[in-house]
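Q: Sending over a structure as structure tokens; questions will come in a sec.
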Amino acid sequence: MGADCYVGPVPADAVIAPLAAGDVDRLVDVVEAALPSRRSEPPAERRDRIARRLRWALASEPDGAWVARAGDEPSGIAIALRSGGVWVLSLLAVSPRAQSGGLGGALLRQALAYADGCHGGMIAASQDPRALRAYARAGFDLRPSVAASGAVDRSAIPAGLALEPDGPVFTRGALGTLRPFLPTGSFL
Ligand SMILES: CC(C)(COP(=O)(O)OP(=O)(O)OC[C@H]1O[C@@H](n2cnc3c(N)ncnc32)[C@H](O)[C@@H]1OP(=O)(O)O)[C@@H](O)C(=O)NCCC(=O)NCCS
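This is how it looks when you write it as structure tokens:
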């Protein structure tokens, strides 16, 4: 899989660039506004969690982390990660002000370039119709899934999964472990 999937036109004035440390603060605003998850979380904690997620991507998956700039303003973010031949879209968000303008599609296309050489891909999709359309156009099938919310009790995670202490739950080790359950050679 890779960037050969069709994902719509790139807006003429948009620049898609590697995520930089200087983008993080502004992108926290973008992610906070675009993704309404965990509204019950105190705002400061929520912003701190988003910032840590972005900095984690900068440090751990710099080739999969992209920012969209419309003018000079960072207006969108995509983070993809790879593990054991599986590509995962970890984050895709566009500022509400800039949504439906093609930035999300452009970011997805760039993130998919990071999937070159992978044998499958996985996205835990939101219900945003723009996201669902873009993923379907990129060749992904819709599959049933479950959702869980709340804090992860890391003491209950089985031994042997190489989870990073402060990283997302599905990090390299976890994906490597899950890989046998993924159908080889097909999209998830
Ligand atoms: C999902 C999201 C990243 C898409 O980015 P975007 O810049 O708004 O979307 P785009 O303009 O690139 O449009 C993507 C596709 O949806 C279509 N689209 C645009 N507006 C639409 C609408 N209101 N309803 C349905 N489809 C729409 C576009 O035509 C495009 O399809 P096409 O390439 O076949 O023409 C962005 O809307 C967002 O941040 N949403 C909230 C956060 C979210 O749900 N993120 C996804 C997490 S999995």
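Letter by letter, the sequence shown follows residues 1267 to 1454 of the numbering used here. Backbone N, C-alpha and C define an ideal beta-carbon position, used for all residues, glycine too.
Which stretch, first to last residue, makes up the beta strand (DSSP E) that contains residue 1339?
A: The residue given as residue 1339 occupies position 73 in the sequence shown. Taken as a continuous stretch (DSSP letters only), the beta strand (DSSP E) holding residue 1339 covers 1339 to 1349.
Q: Just to confirm, is the Cβ distance from residue 1353 to residue 1405 under 8 Å?
A: As a working mapping, residue 1353 is identified with position 87 in the sequence shown. As a working mapping, residue 1405 is identified with position 139 in the sequence shown. No, Cβ-Cβ distance for residue 1353 and residue 1405 is not below 8 Å.
Q: Where are the beta strand (DSSP E) runs, 3 residues long or more, that stay fully inside the segment 1307 to 1343, in chain order?
A: If we require 3 residues or more, the beta strand (DSSP E) runs fully inside the segment 1307 to 1343 come out as 1331 to 1336.
Q: Any chance the CB of residue 1310 is under 7 Å from a heavy atom of ligand 1?
A: Locating residue 1310 in the sequence shown gives position 44, counting from the first residue. Checking the Cβ of residue 1310 against ligand 1 gives no.
Q: Can you have a look at residue 1435 and say buried or exposed, based on whether 16 or more other CB atoms are within 10 angstroms of its CB?
A: Sequence index remark: in the sequence shown, residue 1435 carries index 169 (1-based). Residue placement at residue 1435 is poorly supported in this model, since its pLDDT is 47, which falls under 50; the coordinates still yield a value, given next. Counting Cβ neighbours within 10 Å, residue 1435 comes out exposed, since fewer than 16 surround it.
Q: If contact is defined by three or more beta carbon pairs under 8 Å, each pair taking one atom from either stretch, is the segment 1355 to 1371 in contact with the segment 1335 to 1344?
A: With a cut-off of 8 Å, the segment 1355 to 1371 and the segment 1335 to 1344 count as touching, because enough Cβ pairs lie within range.
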